[in-house]
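Please read the structure below before turning to the comments.
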């Protein structure tokens, strides 16, 4: 078929970071573009139930904790429990505002927004179910950016009261006194730390022996220590064999059965054991595509599927499943679709885990370098040694840099504490520019700032290299 027979040059299925950026980039290239979104607001999972709600909830929790600290500083403690409705009111306000911003961005670039459920009829046609009925639309090219859905427990249906998924946090109407989190991935750990900070007794359960295995072990150990200090119990290496809702003292509670024979009872069970690609209702088979067992699509380096005119980006293609990388993937895919040269996404993208405390990393971990037999040295700066850390009242944060022992090239940065998801970008920039230890040794950082951690960590590395006589670094 000739291009003029299509309704659109490009249809993006999903308006999350990948779909939105792909649509806007194509529109800026003069293409006729539509975005189809099945949810109640533009922005997809990222905006409605994922990244934005969880990060906003975290800030609401931190604001509540700050008010508690001020009360204690006056000689008395406000022992009233946090009001979940007040915490979530901030979340809903941010979702509404951010949705308006993203909708405006699409509309001012002349992207047509279609609210409805999309389903492939064939490789070039979609059946879209809307409130006004069904319609068929066609496009020369497609971007599949439908994201993921939370995996559902195999033996019980979440009731959004006792057993909930992470997507249901924004619909909570009470703050539990006890809570069990099944799954120690990023989402599970983030919410476990937030509720623990609110005084909820939290138990984290995971069949793996370590949570967040992709992070530096030292950072994870520090996180576990701080969470245990807030009375979080970790049941690691434990397999969940069943979930039930029971009556106890005239109240409904959740009962978790573990393979080891343990029983855990909680007011609330958050099931956060993975996510699946949201392709079930998309009928991708009609487009000539198949997904793997986790509902993910395979793509090449340009985010093109095996069907030449269909692309996919974001969580639906798997790792790294970050909002930031998804947005870049969507933009690069649009450039490739329409013949615009562009440089690939940089390898040194950062990870941010918005727990309390937050963590962030870029580059290699010690475990990875050890496995690959790459010689390295580390330098650590602790917030208690940094004036800004004292000002912020954070005595537990730390930043670690890893450099090659021979070339002194920066290989990785790992941090935990206040503001580290912002602080990590300094290290990211240095790594992207193939920077070395001498950059931090020579650079002057504002005082007092957390960025000084880089200088302190660099001095720590330099001293180690000097005393081991493996470099000609000047002794400090």
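Residue numbers (this note's numbering): 21 to 496. Glycine included, each C-beta is placed from N, C-alpha and C at the ideal position. Note that this is a predicted model, so its numbers are computed, not measured.
Determine the extent of the beta strand (DSSP E) in which residue i is found, giving its start and end residues.
| i | result |
| --- | --- |
| residue 199 | 198-202 |
| residue 296 | 295-297 |
| residue 223 | 221-226 |
Classify residue i: buried if its beta carbon has 16 or more other beta carbons within 10 angstroms, exposed otherwise.
| i | result |
| --- | --- |
| residue 434 | buried |
| residue 123 | buried |
| residue 144 | buried |
| residue 160 | buried |
| residue 279 | exposed |
| residue 47 | buried |
| residue 102 | buried |
| residue 380 | buried |
| residue 339 | exposed |
| residue 281 | exposed |
Output the distance between the C-alpha atoms of residue i and residue j, rounded to the nearest integer angstrom.
| i | j | result |
| --- | --- | --- |
| residue 438 | residue 246 | 13 Å |
| residue 453 | residue 473 | 20 Å |
| residue 377 | residue 112 | 23 Å |
| residue 177 | residue 289 | 12 Å |
| residue 109 | residue 116 | 11 Å |
| residue 462 | residue 399 | 16 Å |
| residue 67 | residue 334 | 14 Å |
| residue 285 | residue 213 | 19 Å |
| residue 164 | residue 39 | 7 Å |
| residue 414 | residue 408 | 9 Å |
| residue 306 | residue 56 | 18 Å |
| residue 328 | residue 140 | 16 Å |
| residue 76 | residue 107 | 9 Å |
| residue 232 | residue 316 | 21 Å |
| residue 351 | residue 45 | 6 Å |
| residue 191 | residue 183 | 12 Å |
| residue 355 | residue 476 | 42 Å |
| residue 28 | residue 151 | 21 Å |
| residue 218 | residue 80 | 11 Å |
| residue 390 | residue 432 | 13 Å |
| residue 444 | residue 348 | 19 Å |
| residue 275 | residue 283 | 7 Å |
| residue 195 | residue 251 | 17 Å |
| residue 362 | residue 321 | 12 Å |
| residue 441 | residue 69 | 21 Å |
| residue 94 | residue 236 | Confidence in residue 94 is poor, its pLDDT being 49 and thus under 50, which makes the residue's placement unreliable; the coordinate value appears in the next sentence. Distance between the alpha carbons of residue 94 and residue 236: 39 Å. |
| residue 32 | residue 426 | 48 Å |
Just to confirm the assignment, what range does the alpha helix (DSSP H) spanning residue i have?
| i | result |
| --- | --- |
| residue 124 | 104-128 |
| residue 331 | Element bounds for residue 331: not the alpha helix (DSSP H) but the beta strand (DSSP E), 330-332. |
| residue 338 | From DSSP, residue 338 is part of no alpha helix (DSSP H); its letter is neither H nor E. |
| residue 360 | Where residue 360 is concerned, there is no enclosing alpha helix (DSSP H), given that its DSSP letter is neither H nor E. |
| residue 191 | Where residue 191 is concerned, there is no enclosing alpha helix (DSSP H), given that its DSSP letter is neither H nor E. |
Considering only DSSP beta bridges, list what residue i is partnered with.
| i | result |
| --- | --- |
| residue 135 | 57 |
| residue 184 | 290 |
| residue 142 | 145 |
| residue 371 | 381 |
| residue 324 | 331 |
May I ask whether a heavy atom of the ligand MN can be found less than 7 Å away from the beta carbon of residue i?
| i | result |
| --- | --- |
| residue 379 | The ligand content of the structure shown is nil, which means the ligand MN is not present either. |
Legend entry - Runs of beta strand (DSSP E) lying entirely within the segment 231-315, each at least 3 residues, in chain order: Note on the segment 231-315: whole beta strand (DSSP E) runs with a minimum of 3 residues are 253-256, 260-268, 271-278, 283-286, 288-291, 295-297, in chain order.
Inset, instruction - Please go through the segment 373-461 and give each complete beta strand (DSSP E) segment of 3 or more residues, from N-terminal end onward. - result: Residue ranges of uninterrupted beta strand (DSSP E) with 3 or more members, entirely inside the segment 373-461 and ordered along the chain, are 379-383, 396-402, 418-424, 430-436.
Inset, instruction - Can you check the segment 21-70 for any alpha helix (DSSP H) of at least 4 residues that lies completely inside it and give the ranges in chain order? - result: Here the runs fully enclosed are 37-48, 64-68.
Legend entry - Segments assigned beta strand (DSSP E), at least 3 residues, entirely inside the segment 145-181: Those beta strand (DSSP E) runs which fall completely within the segment 145-181 and span 3+ residues are 145-150, 153-164, 168-170.
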